[in-house]
Amino acid sequence: MNHPKEFAEGLSIGIIMDGNGRWAKQRGLPRTAGHKKGAAVFQDIANYCEELGVSSVTFYAFSTENWKRPLEEVSAIMKLFGEYLLKGFNYKDRNIRIKFLGDRAALDAKLQKLMNELEEDSAAKTGMTLNIAVNYGGRDEIVHAVNELIAEGKTQITEDDITSHLYTKASPSPDLIVRTGAEMRLSNFLLWESAYSELYFTDVLWPDFDERQVDLCVKEFASRKRRFGGV
Numbered sequence: 000m001n002h003p004k005e006f007a008e009g010l011s012i013g014i015i016m017d018g019n020g021r022w023a024k025q026r027g028l029p030r031t032a033g034h035k036k037g038a039a040v041f042q043d044i045a046n047y048c049e050e051l052g053v054s055s056v057t058f059y060a061f062s063t064e065n066w067k068r069p070l071e072e073v074s075a076i077m078k079l080f081g082e083y084l085l086k087g088f089n090y091k092d093r094n095i096r097i098k099f100l101g102d103r104a105a106l107d108a109k110l111q112k113l114m115n116e117l118e119e120d121s122a123a124k125t126g127m128t129l130n131i132a133v134n135y136g137g138r139d140e141i142v143h144a145v146n147e148l149i150a151e152g153k154t155q156i157t158e159d160d161i162t163s164h165l166y167t168k169a170s171p172s173p174d175l176i177v178r179t180g181a182e183m184r185l186s187n188f189l190l191w192e193s194a195y196s197e198l199y200f201t202d203v204l205w206p207d208f209d210e211r212q213v214d215l216c217v218k219e220f221a222s223r224k225r226r227f228g229g230v
C-alpha cells in the first residue's frame, strides 16, 4: 500500500475546521471547550502536514462572519488564538514559514504584534508555508485586492492583477480543500483561489480529526482526475 506521503508531498491544502461547538455539546461541555480541543488538533494536523511534505496548508481559524457569535465565545477564541496558535506553536526550530490571512486591523494590538513577529521571524524559512486565516472572508479578500489596484491607479484589471494582490499571493492555490463537521459548503473560504480545487467533505468533527483522516483526504485526492476545464 502506498504511503500517504507519496500523495501529499508538494500539495497545497486548505482546511475549514468545523464542528468544535457540536463536539462540545455532544459531551455536555461549553462550546469554548470544543474550541480549546480544536486548537490542539490544529497543532497536530499542522505538524503532520509538514511531516508529509505538504507545500502549504491554510487553516480557516476565524471568519469575518464569526464576529456574530456570542461575545463570550469570540473572546474565548481570541484568547486561544494567542495562547495556542501563536505562543504554543514551536516555530523557531522548524523550517516553516507562517503567514496570516485577513484583515488584522480589528484584532487586539498585542495579538497583531505577535502575528507580525511570527511572520517576520519565519519569512526566510523555505519549508512548508502555514497560512492561518483570521478575520478572513473570501469576498472581503477580493474587494481588498481590487481597492489596492484602484489605489495604484489601475483602470483595466486582469486576473493576474487580482491574484497578485490577494492575502494568499505568496502561496499557490489549494489543490485540495477539506471541510470537517458534515457541512458541504465553502463558507466564504478562498473563493478566488478555489476555482479548481478538489473538495473533500467529512462528517468527522474537527476535534476528532486526526492523522488517519488526513491520510484518507490525500488518498481520495490522488484518485481524482483534474481537468481544469479541459477533457
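Under numbering that gives the first Met the number 0, the sequence shown has 32 at position 33, and the numbering climbs by one with no breaks. In this text, a Cβ means the ideal position worked out from N, Cα and C, and glycines have one as well. Keep in mind that this is a model prediction, so the values were computed, not measured.
Inter-residue spacing [alpha-carbon to alpha-carbon] between residue i and residue j
| i | j | result |
| --- | --- | --- |
| ASN130 | GLY27 | 32 Å |
| GLY18 | VAL73 | 15 Å |
| HIS143 | GLN111 | 19 Å |
| PHE227 | TRP191 | 15 Å |
| ILE156 | LEU148 | 8 Å |
| LEU198 | ARG178 | 8 Å |
| ASP202 | MET16 | 12 Å |
| LYS35 | ASP174 | 28 Å |
| ALA23 | VAL213 | 22 Å |
| GLY33 | ILE161 | 36 Å |
| LYS224 | MET183 | 21 Å |
| ILE95 | LEU10 | 15 Å |
| GLU140 | ALA132 | 11 Å |
| GLU118 | ASP159 | 24 Å |
Extent of the continuous alpha helix (DSSP H) to which residue i belongs
| i | result |
| --- | --- |
| SER121 | 108-121 |
| LYS35 | 30-51 |
| ILE76 | 70-79 |
| PHE220 | 210-222 |
| GLY20 | 19-25 |
| PHE6 | 3-7 |
Delimiting residues of the beta strand (DSSP E) encompassing residue i
| i | result |
| --- | --- |
| PHE58 | 55-62 |
| VAL177 | 175-178 |
| ASN130 | 128-135 |
| LEU198 | 197-200 |
| ARG96 | 96-100 |
| ILE156 | Run containing ILE156: none; DSSP gives neither H nor E here. |
Rounded Cβ spacing between residue i and residue j (contact assumed at less than 8 Å)
| i | j | result |
| --- | --- | --- |
| TRP205 | GLY101 | Their Cβ separation, rounded to whole angstroms, is 19 Å, which puts TRP205 and GLY101 out of contact at 8 Å. |
| LEU165 | ILE176 | That pair is no contact at about 16 Å. |
| MET114 | PHE99 | 5 Å |
| TYR59 | ILE14 | 7 Å |
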